[in-house]
Structure formats: structure tokens, C-alpha cells
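Asker:
In the UniProt record's numbering, the protein residues as written are 1 to 216.
This is the structure:
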């Protein structure tokens, strides 16, 4: 079910991108466009907070808790055409789960760290607004064979590039993330939910003037 929801979100993202691409842009918004051949260097920090409640346990009593995710990402890409960048996303995902049982006694939080890598596609739309799709895979707990997991993560995000100057931008991003981990016995854990992020990107722009291009 979660896989179908994520597929639908990705499809809606591409429909939105292509519909906006079809529109003519003759205003000053063209200044926010990124030239073909430019490089994208930087990354962002994402986070999410969730309150959990479950009665799926041996006692049948309600167990509450909280879950915090931090995702430090490095995103480096190349603009294969104007406004469209393709690149490599390297991610360090840290998860913390703290559960309070029915007797209100706090348990020690469990923590996991994942290393993931994979491709991303980013497209810049109007006035610095951009959308992106990511797909990553990786492992966690490399030193503990008994608790080793394989992980898969996918995301669809919408952000805004606030350009400080021609080379640097600050970028708030809101994304929907699909995450799945599988243990050695084939048992899986899956989640789907929002994440908020903030990043800094550098643009190594290809030197080619729009003025000269139009004059020709």
C-alpha cells in the first residue's frame, strides 16, 4: 500500500514539472534559471519528529513513544540541460526511538545510523522554486552482524532556492520520504511521512551570457 502511495506521489511530481515546463517564461524570472553545463555542490540537513502509539504487543496495553530522524545529505550534480540537474546524493541517516511503557517508566532510547547513497534529479521551475526526486540504498550497524539491516529510501521534495549571489543559495525543502529496512531474516519495517530540511548549495555556473545569445 505504501509503495503505491509513493508511486502516485512521484507521478504527480513529474506531471507538475512538465506542465510548468510547457509554460513560456519571458519575464525577469529567467534570471533564476541555471545554465546547461553548470555544477551543483552542497547539501542539506533534514529532520522529522513523530509521536507513536501502539497496542501491538504481548500485553495488549498501549505503548507510547517518540521517534526523531536526522538526515545529513551531500548533493552534488551536473546540469545536463538548462534547469535540470542529475547527480549523486550521499546521506547519513540517524534515527532515535524512545518508548514509554504502560507503567510510565522510561526505557533507554534505541539509536541507529544508516549510510545511504543514490541518484537524484532536480528541476528548477519558476523564480527559484525547484522539485526533486531521490532514490537511495545502503546499510547500517556495520560492526554488529546480528543487527545489520539493508535500507532503501526514496523521496519527492519541493524547495525554494534563495540566491544570496550568483553562486550561492539558501534552500528550505519540504519532502515526502519513503523508508524501508529489512533484517537478516527478511522482516521489514516501512514508513512514509514528511521531512523538513534546510540546505546550502553552490553553483559553479557556465560562463555564457544571455545577452550575447539573444544578440546573435
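Just so it is clear, CB atoms sit at the ideal spot from N, CA and C, and this is done for glycine as well.
Taking the alpha-carbon positions, what's the residue 128 to residue 169 distance?
Answerer: Going from the Cα of residue 128 to the Cα of residue 169 covers about 10 angstroms.
Asker: Taking the straight line between their C-alpha atoms, what separation do you get for residue 122 and residue 86?
Answerer: Answer to the nearest angstrom: the Cα atoms are 7 angstroms apart.
Asker: Could you tell me the boundaries of the beta strand (DSSP E) in which residue 201 lies?
Answerer: 188-204 is the span of the beta strand (DSSP E), which, as asked, contains residue 201.
Asker: Suppose contacts are defined by Cβ-Cβ distances below 8 angstroms. Is residue 69 in contact with residue 37 by that definition?
Answerer: No.
Asker: Nearest to residue 98 by alpha carbon, out of 183, 88, 91, 111?
Answerer: Of the candidates 183, 88, 91, 111, the one whose C-alpha sits nearest the C-alpha of residue 98 is 111.
Asker: Could you give the first and the last residue of the continuous beta strand (DSSP E) run that contains residue 155?
Answerer: Per DSSP, residue 155 belongs to the beta strand (DSSP E) from 149-160.
Asker: Confirm, please, whether the CB-CB distance from residue 44 to residue 173 is below 8 angstroms.
Answerer: Yes, they are a contact pair.
Asker: Can you have a look at residue 139 and say buried or exposed, based on whether 16 or more other CB atoms are within 10 angstroms of its CB?
Answerer: With fewer than 16 Cβ atoms within 10 Å of its Cβ, residue 139 is classed as exposed.
Asker: So which of 117, 194, 39 has the shortest CA-CA distance to residue 89?
Answerer: Looking at the Cα atoms, 117 is the closest of the given residues.
Asker: Kindly indicate the opening and closing residues of the beta strand (DSSP E) around residue 109.
Answerer: Neither: residue 109 is in no beta strand (DSSP E) and is coded neither H nor E.
Asker: Any chance you could list the alpha helix (DSSP H) runs of at least 4 consecutive residues sitting entirely within the segment 68-97, in chain order?
Answerer: Whole alpha helix (DSSP H) segments, 4+ residues: zero.
Asker: What is the DSSP secondary structure of residue 167, counted as helix, strand or coil?
Answerer: In this structure, residue 167 counts as coil in the three-state DSSP scheme.
Asker: So residue 109 and residue 96 are in contact, right, with Cβ under 8 angstroms, and what is the actual spacing, rounded?
Answerer: Indeed, because the Cβ distance is near 5 angstroms, the residues count as touching under 8 angstroms.
Asker: According to DSSP, what are the bridge partners of residue 118?
Answerer: According to DSSP, which records beta bridges pairwise, residue 118 is partnered with 89.
Asker: Might you give, ordered along the chain, the residues of its own chain that have their beta carbon closer than 8 angstroms to the beta carbon of residue 166, omitting 5 neighbours on each side?
Answerer: 203, 205, listed in sequence order.
Asker: Name the residue from 157, 163, 161 whose alpha carbon lies nearest to the alpha carbon of residue 175.
Answerer: For the residues 157, 163, 161, the minimum Cα distance to residue 175 belongs to 157.
Asker: Could you tell me whether the Cβ atoms of residue 134 and residue 155 are closer together than 8 angstroms?
Answerer: It is a contact, given that the beta carbons lie within the stated cut-off.
Asker: In whole angstroms, what is the alpha-carbon distance linking residue 79 and residue 120?
Answerer: Going by the C-alpha atoms only, they are around 12 angstroms apart.
Asker: I'd like the list of long-range same chain contacts for residue 189, defined as Cβ closer than 6 angstroms, with 5 residues on each side in sequence excluded.
Answerer: Result list for residue 189: 181, in chain order.
Asker: Please state whether DSSP places residue 33 in a helix, a strand or coil.
Answerer: Residue 33 falls in the coil class under three-state DSSP.
Asker: Exposed or buried, which one is residue 178 when buried takes at least 16 other CB atoms within 10 Å?
Answerer: With 16 or more Cβ atoms within 10 Å of its Cβ, residue 178 is classed as buried.
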